[in-house]
Amino acid sequence: MTSFKQSVRDGDVNLGTFLNLGSPLVAEVCALSGFDWLLVDLEHGAGGEEALVGQLLAGAAHDVPVLVRVESGERIRVGHALDLGAVGVMYPRLDTVEEVALAISHLWYPPQGDRGVATYNRARRFGGDAKTTSDVNDELLCIVQIESSKALSNVVDIAATPGVDVLFVGPSDLTASLGYPGQLDSSVYSEALDHVVAAARRSHVAAGILVGDVGDVDAHLDRGFSFVSVASDSALLRRAATAAASKVIRGDSVHFRSLTT
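Taking the numbering used here, I'd label the letters of the sequence shown as residues 45 to 305.
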């Protein structure tokens, strides 16, 4: 059976969503919804590390891999997420090969990296797994975000850095850095996307991106992205709630009043 990491690296289509509400129950709803992966957002999300384990358990209960976007590439932040059971880490705001190499070193146990060796934690079955440190190192997924013009200029070398599995575009930050904030139809941004996909293909890693509009997913898959986030838990909930409210309250207000009286 192909592992999650191998499937991602092989360029198989893997669709997920960001979890930024910090809720284990919302995480479970998303896990039951058919996504291939979930990602807990500790950079911008509402929940902190104290809420992480519940969301990891929600994914595990339904065999859905859960990743974590850490607040920064600091060793302690990465190690804590991994010890709790994250199957991989997304790194925000890395602009150079040197920054990427240092961040990746925190993913791995020695001698490959400098992750603290602790086996009595959730990730290691509280001392009950029989994996070697090399086995664990090989299973972890490393996602590096391309969010700035500087990272874009270094993307070919970043993609070739040992340990990188996914180049992941952050559209809002990248368009802002390129001087076209929020302009997803900009030709400059379009060229940037093609550059990221080409760099990923050259180094045989996956190209990933956050797609806010569900209707735009297929276009990004056709473009060469295979690791795609379909919005986020909060965005999906808000849209569903707004659509329901618009239909029931505004579209059929008499019926709505009869339901509430």
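We put the beta carbon where it would ideally sit given N, CA and C, even for glycine. Owing to the predicted nature of the structure, the values given are computational and were not obtained by experimental measurement.
State the CB to CB distance for the pair S230 and Y224, rounded to an integer number of angstroms; the pair is presumed to be in contact (CB under 8 Å).
In this structure S230 touches Y224 by the C-beta definition: roughly 4 Å separates them, less than 8 Å.
Is L65 closer than 8 Å to D277 when the C-beta atoms are compared?
Their beta carbons are under 8 Å apart, which means D277 touches L65 by this criterion.
Using only alpha-carbon positions, find the residue among Q189, P154, Y164 that is nearest to N181.
Cα-wise, what sits closest to N181 is P154.
For the segment 187 to 250, which segments carrying the alpha helix (DSSP H) assignment without a break, of at least 4 residues, lie completely within its bounds, in sequence order?
Every alpha helix (DSSP H) of 4 residues or more that sits fully in the segment 187 to 250 is shown, in chain order, as 193 to 197, 199 to 203, 215 to 221, 231 to 246.
Expressed to the nearest angstrom, what Euclidean distance is found between the alpha-carbon atoms of T304 and Q227?
Unreliable placement is indicated for T304, whose pLDDT of 39 sits below 50; the coordinate value is still reported in the next sentence. Taking the straight line joining both Cα atoms gives about 42 Å.
H264: buried (16+ other C-beta within 10 angstroms of its C-beta) or exposed?
So H264 ends up on the buried side.
Measure the Cβ-Cβ separation of S270 and A243 and say whether it is below 8 Å.
Contact: no.
Under 8 Å, Cβ to Cβ, is there at least one residue of chain C near N64?
The structure shown contains no chain C; it holds only a single protein chain.
Might you give, ordered along the chain, the residues of its own chain that have their beta carbon closer than 6 Å to the beta carbon of F62, omitting 5 neighbours on each side?
These residues qualify, in order along the chain: L83, D85, S273, S276.
If we count the other Cβ atoms within 10 Å of its Cβ and call it buried at 16 or more, is E72 buried or exposed?
Classified as buried, E72 has 16 or more neighbouring CB atoms from the shown chains inside 10 Å of its CB.
C-beta atoms of P68 and A102 nearer than 8 Å
Yes, the Cβ-Cβ distance between P68 and A102 is below 8 Å.
May I have the straight-line CA-CA distance separating R282 from S178, to the nearest angstrom?
Approximately 42 Å, taken between the alpha carbons.
Span separating the alpha-carbon of S247 from that of S234:
The C-alpha of S234 is placed about 21 Å away from the C-alpha of S247.
Shortest alpha-carbon distance to D80 belongs to which of E87, V97, G60?
Comparing Cα positions, the closest option is G60.
Starting from the C-beta of V241, find all residues in its chain whose C-beta is less than 6 Å away, skip the five residues before and the five after it, and write them out in chain order.
If we look at V241 and ignore the five residues flanking it on each side, its Cβ neighbours are A251, G268.
Between the CA atoms of P206 and L237 - distance to the nearest angstrom:
Rounded to the nearest whole angstrom, the CA to CA distance from L237 to P206 is 22 Å.
Tell me, please, which residues DSSP counts as bridged to Y135.
Secondary-structure assignment with DSSP links Y135 through a beta bridge to V188.
Go through its chain and collect everything with a Cβ distance to S51's Cβ below 7 Å, but skip five positions before and after it.
Only N58 meet the Cβ criterion.
Does DSSP put F269 in a helix, in a strand, or in coil?
Here F269 sits in coil by DSSP.
Strictly by DSSP, which residues pair up with D277?
In the DSSP output, where bridge partners are listed per residue, D277 has none listed.
For the alpha helix (DSSP H) containing D179, name the first residue and the last one.
First-last of the alpha helix (DSSP H) with D179: 177 to 183.
Answer yes or no: do V249 and L184 have a C-beta to C-beta separation smaller than 8 Å?
Their beta carbons are not under 8 Å apart, which means V249 does not touch L184 by this criterion.
If we count the other Cβ atoms within 10 Å of its Cβ and call it buried at 16 or more, is M45 buried or exposed?
Classification for M45: exposed.
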